[in-house]
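K.L.:
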Amino acid sequence: MTPFLKEVLQTVANNVITVIVFAIALLLSSRWYRHRNLPPGPWGLPFIGIIPFVGTHLHKTMITWSKKYGDVFSFYLGPNLSLAIHGYENIKEAFVKHGDHFSGRELMFMVKDTRGKYTGVLINQDKAWQQHRRFLERIFRELGVAKSTWESNIHDELNHFLAEITSKNGEAFDIHQLLNMSVANVTNKIILGDRFEYSDESFQRHVKMIDDIMNNWQLSVFFNMYPWTRLLPGDPTNYFTLKKCEHSRQYDVIQPMIDKRKTECEKNGRKNDKDIIGYYLNALEEKDKLVKYSTFEMLQLRCIIDDLFFAGTETTSTTMRWALLYMIKYPHIQEKVRQEIFDNIGKGRLPSLNDRESLPYTEAVLLEIQRYNSIVPLAVPHQTTADVTFKGYHIPKGVLVYPNLWALHRDPTLWKNPNIFDPLRFLDENGHVVKPPHFMPFSIGKRICAGEVLAKSEMFLYFSTMMQRFNFTFPNGRTTPSMEGVLGITLCPEPFKLCATRI
Ligand code: HEM
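First residue of the sequence shown: 621, per the working numbering; consecutive thereafter.
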């Protein structure tokens, strides 16, 4: 090698080293800048963060960490810088006082992959989210889902549901899929003004798919965090299975619903359509007249419907499964609920939303079920939409935020004997229902559950009706399954069978 060439190579090598050192320094300093004054938190491993240490119940592991690092701590869940928030005042401060900065959502890989730019309401965070959220709130109000005017729709569905349970003749069965289908039918009524038969195979598949997506969430976290893992042989992250489910729900179930309803609406002149598809089609016609720069589009409608099934079916049905488990575990509470119903309503007619006030114990049992097993223990993670100062820390934009609702509902400084199942905690000395502000199964702030009102109506009517009509027990020789629950997106009971004896 000539001395000249050697000198050139030496200079290049020096420069490459300088560039690499500079790039690393830049990376470290930008990482330092992003992490300056973050709350402390558990150390994770490079690239995967705390994933190996989360255990089966992240919400419980977080309580252990909060004892070491404080109510607000940071950590890496995979590549995502995240924040856990414990305590009523802290959650309120983040989601209400700093609601403008703490109410974003991460646009997950699967959502981008299956929906493109149309992202509905659950995962969206921009103007389309605002407009569609307002739209849903308005429709729920106009339909009157919390009022007795709409309850006949739930009653119709309940009659099918009761007939199906009666047909089991007191034999042991798993109520899971039936509950899911029945609750999904209430959502169907809102969406397209109609219901599906439980024997309809495509409806059965649709409801089962929602369940599968919810329950396989843990695995899907991997390809959402590391999209390259979907390419590993053998589909270890379930990417292709879930994508197929999502695709099939969107194109084989939801789109045909829209098409059918659209044809009907066009035939009827559209104006009197009291369901979401009808309202949306009207809104599309008047686009930009009603809302300036409207984000309403046909493909958004599919996403909204998808979100409503996803957010509204399994949550309500899971709460009802927990309710049945607790009533079987504590037969004296089941009996007391039934007696209250008999004393105030009798056996003849179905309970109505107007009966709520005269059934405070029944209401208190429902509230205790929601407190004891916060079924969405960490809500749906939020994301910061800008750099924000919170509790004296610097929280950068794009951090995922987990409010620990499960911990809140078991906080011994807020609840007496929080680990004891005791509905009486929700009744005052005059027997009236009291709900403390730190009871928030639907979360709080701008992202509070959009279907809260509907969920409350559904839960009251399903629960009180089941208690009025049947005595629930475990099959002979079976004991209560573990009450720890299995964590997907929701905290579900382990599978169980029950016997329902007609009263
Ligand atoms: C017992 C039943 C239910 C529970 C416990 C529940 C709970 C929740 C929670 C905790 C969130 C996340 C809040 C947050 O991110 O801070 C949420 C979001 C949501 N829920 Fe529910 N929910 C239930 C039923 C329903 C029903 C019946 C519907 C509608 C059919 C519904 C529609 C939604 C929607 C659309 C969102 C997203 C709101 C947004 O991101 O702006 N939920 N729910």
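The beta-carbon is built from N, C-alpha and C at its ideal position, and this holds for glycine as well.
Using a Cβ-based criterion (distance less than 7 Å to any ligand heavy atom), does residue 1122 qualify as near the ligand ATP?
P.N.:
The model on display carries the ligand HEM but not the ligand ATP.
K.L.:
Out of 963, 987, 813 and 1110, which one is the CA nearest neighbour of residue 1053?
P.N.:
Distance from the Cα of residue 1053 is smallest, within the candidate group 963, 987, 813 and 1110, for 987.
K.L.:
CA-CA distance, residue 757 and residue 1070?
P.N.:
7 Å
K.L.:
Could you check if residue 996 belongs to the surroundings of the ligand HEM, using beta carbon to heavy atom distance under 7 Å?
P.N.:
yes
K.L.:
Taking Cβ to Cβ, would you say residue 933 is nearer than 8 Å to residue 807?
P.N.:
Yes, they are a contact pair.
K.L.:
Tell me which residue opens and which closes the alpha helix (DSSP H) that residue 980 is part of.
P.N.:
980-992
K.L.:
Within its chain, find whatever has a CB closer than 7 Å to the CB of residue 799; leave out the 5 residues flanking it on each side and keep chain order.
P.N.:
The beta carbon of residue 799 sits closer than 7 Å to those of 937, 940 and 941, all from its chain and outside the five residues before and after it, given in chain order.
K.L.:
Assuming contact is defined by CB atoms lying nearer than 8 Å, are residue 1140 and residue 1002 in contact in what I supplied?
P.N.:
With the chain represented from 621 up to 1123, any question about residue 1140 goes unanswered, as that position is not in the structure.
K.L.:
Mind the definition here: the stretch 727-743 touches the stretch 913-928 only if three or more C-beta pairs lie below 8 Å; say whether that holds.
P.N.:
yes
K.L.:
Is it the case that the CB of residue 1002 approaches a heavy atom of the ligand HEM more closely than 7 Å?
P.N.:
yes
K.L.:
My guess is that residue 844 and residue 728 are in contact by the Cβ rule of under 8 Å, so how many angstroms apart are they, rounded?
P.N.:
4 Å
K.L.:
Which whole-angstrom value is the C-beta distance of residue 715 and residue 1109, which I expect to be below 8 Å?
P.N.:
Rounded, the Cβ-Cβ distance is 19 Å, inconsistent with contact.
K.L.:
Helix, strand or coil for residue 696 per DSSP?
P.N.:
strand
K.L.:
Return yes when the C-beta of residue 753 is under 7 Å from any heavy atom of the ligand HEM, and no when it is not.
P.N.:
yes
K.L.:
For the ligand HEM, I want to know if residue 927 counts as a neighbour, meaning its beta carbon is within less than 7 Å of at least one of the ligand's heavy atoms.
P.N.:
yes
K.L.:
From which residue to which residue does the alpha helix (DSSP H) around residue 1092 run?
P.N.:
Where residue 1092 is concerned, there is no enclosing alpha helix (DSSP H), although the beta strand (DSSP E) it sits in stretches over 1090-1093.
K.L.:
Can the beta-carbon of residue 1025 be found less than 8 Å from the beta-carbon of residue 997?
P.N.:
At the C-beta level, residue 1025 and residue 997 come within 8 Å of one another.
K.L.:
Whose C-beta lies closer than 7 Å to the C-beta of residue 1102 among residues of the same chain, with five residues either side of it excluded?
P.N.:
1114
K.L.:
Once DSSP output is grouped into helix, strand and coil, what is the label at residue 953?
P.N.:
helix
K.L.:
Can you tell me which of the three DSSP states residue 819 falls into?
P.N.:
Coil at residue 819, not helix or strand.
K.L.:
Can you find the residues in the same chain that come closer than 6 Å, C-beta to C-beta, to residue 661, ignoring five residues on each side of it along the sequence?
P.N.:
Its chain contains 689, 693, 694 and 695 as the residues whose beta carbon lies nearer than 6 Å to that of residue 661, once the 5 sequence neighbours on both sides are disregarded; these appear in chain order.
K.L.:
Across the stretch 1085-1096 and the stretch 1012-1023, are there enough close Cβ pairs to call them in contact, namely three or more that are closer than 8 Å?
P.N.:
Not touching, per the Cβ criterion.
K.L.:
Flag this pair as touching only if the stretch 825-836 and the stretch 854-865 have three or more C-beta atom pairs under 8 Å; answer yes or no.
P.N.:
With the cut-off at 8 Å, the stretch 825-836 and the stretch 854-865 touch.
K.L.:
For the candidate residues 963, 750 and 801, whose alpha-carbon lies nearest to that of residue 980?
P.N.:
963
K.L.:
Apart from the five residues just before and just after residue 857, which ones in its own chain have a Cβ nearer than 8 Å to its Cβ?
P.N.:
839, 840, 842, 843, 849 and 850
K.L.:
Within the present structure, is the beta-carbon of residue 1070 separated from the nearest heavy atom of the ligand HEM by less than 7 Å?
P.N.:
Indeed, a heavy atom of the ligand HEM lies less than 7 Å from the Cβ.
K.L.:
Tell me whether residue 684 is buried or exposed, calling it buried when 16 or more other Cβ atoms sit within 10 Å of its Cβ.
P.N.:
exposed
K.L.:
Are the C-beta of residue 664 and some C-beta of chain C separated by less than 8 Å?
P.N.:
Structure shown: chain C not included; a single protein chain is present.
K.L.:
Would you call the stretch 1090-1101 and the stretch 967-983 touching, i.e. three or more CB-CB distances under 8 Å?
P.N.:
no
K.L.:
Hey, would you say residue 1045 sits closer than 8 Å to residue 1036, going by beta carbons?
P.N.:
yes
K.L.:
Would you mind reading off the limits of the beta strand (DSSP E) that contains residue 622?
P.N.:
Element bounds for residue 622: n/a, residue is neither H nor E.
K.L.:
How close, in whole Å, do the beta carbons of residue 950 and residue 1041 come, if the pair is a contact with beta carbons under 8 Å?
P.N.:
7 Å
K.L.:
Looking at the structure shown, is residue 1023 part of a helix, part of a strand, or coil, going by DSSP?
P.N.:
Residue 1023: strand per DSSP, three-state reduction.
K.L.:
Pick from 872, 931, 896 and 813: whose alpha carbon is nearest that of residue 1075?
P.N.:
931
K.L.:
Can you tell me which residues form a DSSP beta bridge with residue 1015?
P.N.:
1008
K.L.:
Kindly list the residues whose CB is nearer than 7 Å to the CB of residue 743, restricted to its own chain and excluding five residues on each side of it in sequence; keep chain order.
P.N.:
725, 727, 728 and 731
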